[in-house]
Amino acid sequence: MLILFRFAISNASCRPHIQIDTNIHQSRRVLTDRKIYLFVADGRDQITSTTSSPSSSISTLLSSSSTSTTTSSSSSTTTSSTSIAVRVWAATGSMIISRYKHTASALANGQVLVSGGYNGSTYLNSVELYNSSTGTWTTTGNMSSARLAHTASVLTNTQVLVAGGYKGSNLNSAELYNLSTGTWTTTGNMNFARDSHAASILTNGQVLVMGGYSGGFLNSAELYNSSTGTWTTTRNMSCARDAHTASTLANGQVLVTGGSNINGSLNSAELYNPSTGTWTTTGNMKSARYAHTASILTNGQVLVTGGYNGSTYLSSTELYNPSTGTWATTGNMSSPRGYHTASILANGQILVTGGYNSASYLNSAELYDPSTGTWTTTGNMSSARQYHTASTLANGQILVTGGLANSSTYLNSAELY
Numbered sequence: 012m013l014i015l016f017r018f019a020i021s022n023a024s025c026r027p028h029i030q031i032d033t034n035i036h037q038s039r040r041v042l043t044d045r046k047i048y049l050f051v052a053d054g055r056d057q058i059t060s061t062t063s064s065p066s067s068s069i070s071t072l073l074s075s076s077s078t079s080t081t082t083s084s085s086s087s088t089t090t091s092s093t094s095i096a097v098r099v100w101a102a103t104g105s106m107i108i109s110r111y112k113h114t115a116s117a118l119a120n121g122q123v124l125v126s127g128g129y130n131g132s133t134y135l136n137s138v139e140l141y142n143s144s145t146g147t148w149t150t151t152g153n154m155s156s157a158r159l160a161h162t163a164s165v166l167t168n169t170q171v172l173v174a175g176g177y178k179g180s181n182l183n184s185a186e187l188y189n190l191s192t193g194t195w196t197t198t199g200n201m202n203f204a205r206d207s208h209a210a211s212i213l214t215n216g217q218v219l220v221m222g223g224y225s226g227g228f229l230n231s232a233e234l235y236n237s238s239t240g241t242w243t244t245t246r247n248m249s250c251a252r253d254a255h256t257a258s259t260l261a262n263g264q265v266l267v268t269g270g271s272n273i274n275g276s277l278n279s280a281e282l283y284n285p286s287t288g289t290w291t292t293t294g295n296m297k298s299a300r301y302a303h304t305a306s307i308l309t310n311g312q313v314l315v316t317g318g319y320n321g322s323t324y325l326s327s328t329e330l331y332n333p334s335t336g337t338w339a340t341t342g343n344m345s346s347p348r349g350y351h352t353a354s355i356l357a358n359g360q361i362l363v364t365g366g367y368n369s370a371s372y373l374n375s376a377e378l379y380d381p382s383t384g385t386w387t388t389t390g391n392m393s394s395a396r397q398y399h400t401a402s403t404l405a406n407g408q409i410l411v412t413g414g415l416a417n418s419s420t421y422l423n424s425a426e427l428y
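Residue numbers (the working numbering): 12 to 428.
Take a look at the structure:
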């Protein structure tokens with residue numbers, strides 16, 4: 012298991028630093044069962060499970076009991092809820108190799124490309140494809156370099172750009188996956204080696220990479236031009252940060268939130284303007300956090316969930332309004348969590364899965380309804396996991412892959428919501 016000793020103190024300011032990584036590698040175990048789990052809410056608001064064969068029909072189950080209270084003001088909403096909306100998780104084919112801190116990219120042909128990561132003993136350059144029609148995995152061409160904590164961006168020309176990461180040292184290398192040939196080719200190196208950074212695709216097709224870690228926390232940002240295969244630096248962020256989020260807004264700007272640096276966890280947020288190549292600060296989040304998620308809602312607002320503030324894993328969530336540049340609190344999740352995933356569903360709701368909360372690795376999942384600002388618990392995954400991935404398939408299902416189930420169990424299992 013890779014342990015990052017990056018000390019965190021809430022609401023820290025930005026200033027230069029030096030930081031050290033420590034790597035501890037532990038053993039792994041894999042899970043290969045192929046059951047379908049049907050989760051039903053009983054009268055005590057507990058979730059029980061039964062199993063059926065993969066050929067069984069799957070229906071959506073909703074519990075009828077719910078209680079909620081809401082208080083609101085012009086700037087914030089606080090909601091508590093015990094509603095339970097129970098759905099079905101189905102096991103699907105297991106990946107060929109166990110991995111965590113990998114990436115998963117939904118491709119135009121309906122497949123999902125999983126690349127890199129770590130399996131408990133080896134940094135991985137292996138890559139595999141998930142076929143949503145058959146529920147099976149096949150190997151495809153290996154990357155030229157093993158890497159974890161990298162980024163993967165699906166370009167407008169349908170190639171996949173993988174950049175940076177870590178394999179015992181930080182990487183500045185980048186490479187491209189060709190969907191037609193199943194092969195990788197190297198492309199221009201980034202100007203800065205980095206892991207735990209973020210990448211956003213701009214409306215002009217360029218890829219903006221910012222922040223991360225490389226012997227110190229980074230505020231640098233750079234742009235990849237797929238036409239030339241080259242990187243150019245752009246203005247630095249106001250704050251060095253890693254484990255942050257980056258979201259491309261409807262107006263083309265990129266919103267970066269939170270993260271951590273030498274001074275601790277951050278509540279700051281800033282906007283990148285592709286037209287000017289500059290960063291401007293915007294409203295601070297209510298809570299400092301890293302290892303959180305950020306999701307763009309159908310109304311254009313950005314929902315930030317959970318994370319870690321340096322001392323506590325968070326259940327709090329908040330909304331960013333791009334029109335006003337301000338944040339408002341919204342309903343809390345039922346469970347605090349960091350290192351989880353968040354996916355937008357076809358109905359506009361947000362599905363949050365797994366993560367870690369200092370007490371345990373989580374298999375729980377919950378749904379955020381933007382129309383009410385409330386959360387409802389939904390069926391548990393069959394495996395607890397953090398550092399996993401979640402990908403939205405063309406049929407609307409969510410594919411969850413891999414991750415870490417405890418301090419020494421690296422997963423190859425996958426499941427569908």
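Heads up, the beta-carbon is just placed ideally off N, CA and C, and yes, glycines get one too.
So, residue i versus residue j, is the Cβ gap smaller than 8 angstroms?
{"i": "residue 283", "j": "residue 219", "result": "yes"}
{"i": "residue 285", "j": "residue 215", "result": "yes"}
{"i": "residue 248", "j": "residue 267", "result": "yes"}
{"i": "residue 413", "j": "residue 422", "result": "yes"}
{"i": "residue 344", "j": "residue 364", "result": "no"}
{"i": "residue 312", "j": "residue 331", "result": "yes"}
{"i": "residue 401", "j": "residue 103", "result": "no"}
{"i": "residue 181", "j": "residue 201", "result": "no"}
{"i": "residue 404", "j": "residue 191", "result": "no"}
{"i": "residue 288", "j": "residue 357", "result": "no"}
{"i": "residue 272", "j": "residue 305", "result": "no"}
{"i": "residue 342", "j": "residue 301", "result": "no"}
{"i": "residue 165", "j": "residue 118", "result": "yes"}
How long is the line joining the alpha carbons of residue i and residue j, rounded to whole angstroms?
{"i": "residue 256", "j": "residue 338", "result": "15 angstroms"}
{"i": "residue 209", "j": "residue 388", "result": "29 angstroms"}
{"i": "residue 205", "j": "residue 409", "result": "29 angstroms"}
{"i": "residue 34", "j": "residue 128", "result": "Because the pLDDT of residue 34 is 34, which lies under 50, any placement of that residue in the model is unreliable, and the number read from its coordinates should be weighed accordingly. Cα-Cα distance, rounded: 14 angstroms."}
{"i": "residue 275", "j": "residue 160", "result": "20 angstroms"}
{"i": "residue 90", "j": "residue 303", "result": "Residue placement at residue 90 is flagged as unreliable, the pLDDT there being 41, under the threshold of 50; the coordinate-derived value follows with that caveat. The alpha-carbon atoms of residue 90 and residue 303 are separated by roughly 20 angstroms."}
{"i": "residue 120", "j": "residue 101", "result": "22 angstroms"}
{"i": "residue 258", "j": "residue 109", "result": "29 angstroms"}
{"i": "residue 397", "j": "residue 261", "result": "30 angstroms"}
{"i": "residue 362", "j": "residue 317", "result": "13 angstroms"}
{"i": "residue 366", "j": "residue 377", "result": "12 angstroms"}
{"i": "residue 243", "j": "residue 203", "result": "11 angstroms"}
{"i": "residue 325", "j": "residue 319", "result": "6 angstroms"}
{"i": "residue 279", "j": "residue 193", "result": "40 angstroms"}
{"i": "residue 75", "j": "residue 385", "result": "With a pLDDT of 31 at residue 75, under the threshold of 50, the modelled position of this residue cannot be trusted, and the question is left open."}
{"i": "residue 168", "j": "residue 294", "result": "35 angstroms"}
{"i": "residue 106", "j": "residue 340", "result": "38 angstroms"}
{"i": "residue 411", "j": "residue 146", "result": "12 angstroms"}
{"i": "residue 59", "j": "residue 221", "result": "With a pLDDT of only 30 at residue 59, under the threshold of 50, the placement of this residue in the model should not be trusted, and no figure is reported."}
{"i": "residue 323", "j": "residue 368", "result": "8 angstroms"}
{"i": "residue 370", "j": "residue 321", "result": "15 angstroms"}
{"i": "residue 263", "j": "residue 213", "result": "7 angstroms"}
{"i": "residue 238", "j": "residue 383", "result": "44 angstroms"}
{"i": "residue 315", "j": "residue 113", "result": "22 angstroms"}
Closer than 7 angstroms by C-beta to residue i: which residues in its own chain qualify, once you throw out the five before and the five after it? Chain order, please.
{"i": "residue 217", "result": "234, 235, 236"}
{"i": "residue 241", "result": "199"}
{"i": "residue 417", "result": "372"}
{"i": "residue 176", "result": "127, 158, 159, 160, 161, 182, 206"}
{"i": "residue 245", "result": "232, 233, 234, 288"}
{"i": "residue 394", "result": "42, 374, 416, 422, 424"}
{"i": "residue 85", "result": "Any reading at residue 85 needs caution, since the residue's pLDDT is 34, under 50, leaving its predicted position unreliable; the model's value is listed next. Result list for residue 85: empty, nothing under 7 angstroms."}
Might you give, ordered along the chain, the residues of its own chain that have their beta carbon closer than 8 angstroms to the beta carbon of residue i, omitting 5 neighbours on each side?
{"i": "residue 55", "result": "The pLDDT assigned to residue 55 is 25, lower than 50, so where the model puts this residue is not dependable; a value taken from the coordinates is nonetheless given after this. For residue 55, where only same-chain residues beyond five positions count, there are no Cβ hits under 8 angstroms."}
{"i": "residue 196", "result": "186, 187, 189"}
{"i": "residue 178", "result": "134, 156, 157, 158, 159"}
{"i": "residue 291", "result": "281, 282, 284"}
I'd like the list of long-range same chain contacts for residue i, defined as Cβ closer than 6 angstroms, with 5 residues on each side in sequence excluded.
{"i": "residue 375", "result": "346, 391"}
{"i": "residue 224", "result": "206, 207, 253"}
{"i": "residue 69", "result": "Residue confidence is low: residue 69 scores 34 on pLDDT, short of 50, so the model does not pin down where it sits. Its coordinate-derived value is still stated next. For residue 69, where only same-chain residues beyond five positions count, the Cβ hits under 6 angstroms are 99."}
State the CB to CB distance for the pair residue i and residue j, rounded to an integer number of angstroms; the pair is presumed to be in contact (CB under 8 angstroms).
{"i": "residue 136", "j": "residue 157", "result": "4 angstroms"}
{"i": "residue 170", "j": "residue 141", "result": "Contact flag wrong, Cβ pair sits at about 18 angstroms."}
{"i": "residue 265", "j": "residue 211", "result": "5 angstroms"}
{"i": "residue 308", "j": "residue 381", "result": "5 angstroms"}
Quick check: does the Cβ of residue i come within less than 7 angstroms of any heavy atom belonging to the ligand MN?
{"i": "residue 256", "result": "Annotation note on the ligand MN: not contained in the displayed structure, which lists no ligands."}
*Looking at C-beta atoms only, is the number of pairs between the stretch 124-131 and the stretch 139-153 that lie closer than 8 angstroms three or more?*
yes
*Could you tell me whether the stretch 324-343 touches the stretch 351-360, where touching means 3 or more Cβ pairs closer than 8 angstroms?*
no
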